[in-house]
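In UniProt numbering, the protein residues as written are 1 to 306.
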């Protein structure tokens, strides 16, 4: 015979067992709000390359992803057994719907269609704040580690990359090289400083900025417009160059021709072989990825080794 207390405990246990699984869903925050996820997702669709890079390192296999401009480091996903969801800017909604995902991981380029994605499946926004690259990257890595029940693996990946960052920072800490980071789009040049998509160079790695005192730049949303005269006057000790046209698949190698001129050659960076043409996939397409972040660190180590 049950006592009153025992009966209440037994009834509570029964109600818990009969409760819908959705009651156990966990809520996760991201830049556009929150997402409720019930259990460990099994059919994951990833709509950007930074998050694809990371969950691959975490040991999670998605069912679909965009394949336009798929970086070499992720080319194993090019095979037909993985569905093609379009590009990092345009989603094939028919394909996405047919995949019946239980989790969609979107990136910043998909922010405008976040609600449409959320109507199909729970959607987590993996958007890196490039002005605070490593902090927000770690936040996303830990969140996804929790979502996929891989917290320990996530911490191991973070610790490994943090160690590499610390090692790089220690190399330049005593005398940070004056560094100018630029990109080209056609014949137009733009420079990027500490509060930009290349903040990692200055904030985490510890490089110093290099600016011109005599030649003006023109502020705009995506970097300040500059000229080759600006570069020559700034006299950077390190010159980092992103070929944006190559990054978006419009051309390859044009930047090397464009920067092969006497004004660039007059800089300490050129004279000391410290001009780096950055990996466009790592620095532009796969922000927040595990492999891409290590590539960024590796390239910065290489340029100061000269």
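Here a beta-carbon is modelled for each residue, glycine too, at the ideal position from N, C-alpha and C.
Alpha carbon to alpha carbon, how far is residue 154 from residue 85? Give it in angstroms, no decimals.
Our two residues, residue 85 and residue 154, have alpha carbons roughly 26 Å apart in a direct line.
Which listed residue (103, 54, 243) has its alpha carbon closest to that of residue 184:
The candidate whose alpha carbon is nearest that of residue 184 is 243.
For the segment 164-232, list the alpha helix (DSSP H) runs that are entirely contained and at least 4 residues long, ordered along the chain.
Runs found: 199-203.
Out of 237, 279, 235, which one is the CA nearest neighbour of residue 256?
For the options 237, 279, 235, the alpha carbon positioned closest to that of residue 256 is the one of 279.
DSSP beta-bridge partners for residue 46?
In the DSSP assignment, residue 46 is bridged to 105.
Using 10 angstroms around the beta-carbon of residue 222, count the other beta-carbons present and answer buried if the total reaches 16, otherwise exposed.
With fewer than 16 other Cβ atoms within 10 Å, it is exposed.
Can you tell me where the beta strand (DSSP E) holding residue 28 begins and where it ends?
Its beta strand (DSSP E) spans residues 26-30.
Among residues of its own chain, excluding the 5 on either side of residue 227, which ones have a beta-carbon nearer than 8 Å to its beta-carbon?
Excluding residues within five positions, the ones whose Cβ falls inside 8 Å are 189, 215.
Do you know whose CA, among 30, 266, 197, 110, lies nearest residue 131's CA?
Checking every option, the nearest Cα to that of residue 131 belongs to 197.
Spatial neighbours of residue 201 within its chain, please: CB distance less than 8 Å, with the 5 preceding and 5 following residues excluded, ordered by chain position.
For residue 201, where only same-chain residues beyond five positions count, the Cβ hits under 8 Å are 179, 181, 207, 240, 300.
Going by the CB atoms, is the gap between residue 147 and residue 28 shorter than 8 Å?
Using a Cβ distance threshold of 8 Å, residue 28 and residue 147 count as a contacting pair.
Within this structure, are the beta carbons of residue 57 and residue 38 separated by less than 8 Å?
No; because the gap between Cβ atoms is not below 8 Å, this pair is not in contact.
Helix, strand or coil: which one does DSSP assign to residue 270?
Annotated three-state conformation of residue 270 is helix, per DSSP.
Where does residue 132 fall in DSSP's three states?
Residue 132 falls in the helix class under three-state DSSP.
Classify residue 293: buried if its beta carbon has 16 or more other beta carbons within 10 angstroms, exposed otherwise.
It counts as buried.
Using 10 angstroms around the beta-carbon of residue 274, count the other beta-carbons present and answer buried if the total reaches 16, otherwise exposed.
The residue in question, residue 274, is buried, as its Cβ has 16 or more Cβ neighbours within 10 Å.
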